[in-house]
Each structure stands twice: as C-alpha cells, then as structure tokens.
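The structure appears below as structure tokens.
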Amino acid sequence: MNLADMFGKLNEMKQNMENVRASLDQIHVEAESGGGMVKVVANANKQVLKLSIDPSVATDREMMEDLIVAAINKALEKAEEKGREELSKAASGMLPNLPGLDLSQLGLK
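For the sequence shown, position 92 matches number 91 in numbering that gives the first Met the number 0, and the numbering has no gaps at all.
Laid out in structure tokens, this is it:
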C-alpha cells in the first residue's frame, strides 16, 4: 500500500468515525441504583437524558444524592462502553490491529 492509499484510508475512516459519532445520540443505555429507586437514561455520547426517582427516596436527602450519583456514574460507564463498541466496529478492518492503538490520538475519540 502506498502512502497516498494509506492517507485515503485514514480520511475514509475519519469520515466513518464522524458519522458513527453523530449516530451515538440515538443509542440509549439505562442504569439504576438502590434496586431501581433511581434510574438514569443516557446516550452513547455520555449525555444524561432522563432521571427517574422513586418518591420514597425523597425523604432521605443524603441517600437520594448517593443513589443519583451512583446511577449516573453507572449510566455514563455503560454509555462510554457502548460508544467505544460502535467506534470500534466502524474502525475494524481499516487500521491494523495494533496493541495500545489509541483512536483519540487521531481525533476519533
């Protein structure tokens, strides 16, 4: 593969990644804490979309805050994982499988 072909592949991969990144808004994940007392929905771009709190939790402010933080953190972890999976699918076959390859270095995070 010559250098021009390699740069063409990189540009194609970057465009694919940008398309995937735009589609991440449509991928939703849900997480909960406190046995479902607090539920959070986030998208794969790591944006919280919805927060549901069981009214029974409202009487204990400290517990409610802890459950909210836990649910949000779980949702954002799931969202990041799902986003990584989608970006990885888009990149498969376009770059050699190099251990430690960090796509964020190419602006593809």
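Heads up, the beta-carbon is just placed ideally off N, CA and C, and yes, glycines get one too. All values reported here derive from a predicted model rather than from experimental measurement.
Going by DSSP, which residues form a beta bridge with residue i?
i          : result
residue 38 : 31, 51
Please classify residue i as buried or exposed, where buried requires at least 16 neighbouring CB atoms within 10 angstroms.
i          : result
residue 16 : buried
residue 57 : exposed
residue 82 : buried
residue 51 : exposed
residue 32 : buried
Whole angstroms are fine: how far does the CA of residue j sit from the CA of residue i?
i           : j          : result
residue 13  : residue 20 : 10 Å
residue 60  : residue 77 : 26 Å
residue 27  : residue 71 : 13 Å
residue 22  : residue 53 : 31 Å
residue 69  : residue 29 : 12 Å
residue 2   : residue 9  : 11 Å
residue 67  : residue 88 : 32 Å
residue 79  : residue 46 : 10 Å
residue 4   : residue 85 : 25 Å
residue 141 : residue 7  : Any property of residue 141 remains undetermined from this structure, which presents the chain solely from 0 to 108.
My output table needs one value for residue i: the three-state DSSP class, helix, strand or coil.
i           : result
residue 78  : helix
residue 24  : helix
residue 73  : helix
residue 105 : Here the model assigns residue 105 a pLDDT of 49, short of 50, so the residue's position is not dependable and the matter cannot be decided.
residue 91  : coil
residue 13  : helix
residue 43  : coil
residue 1   : coil
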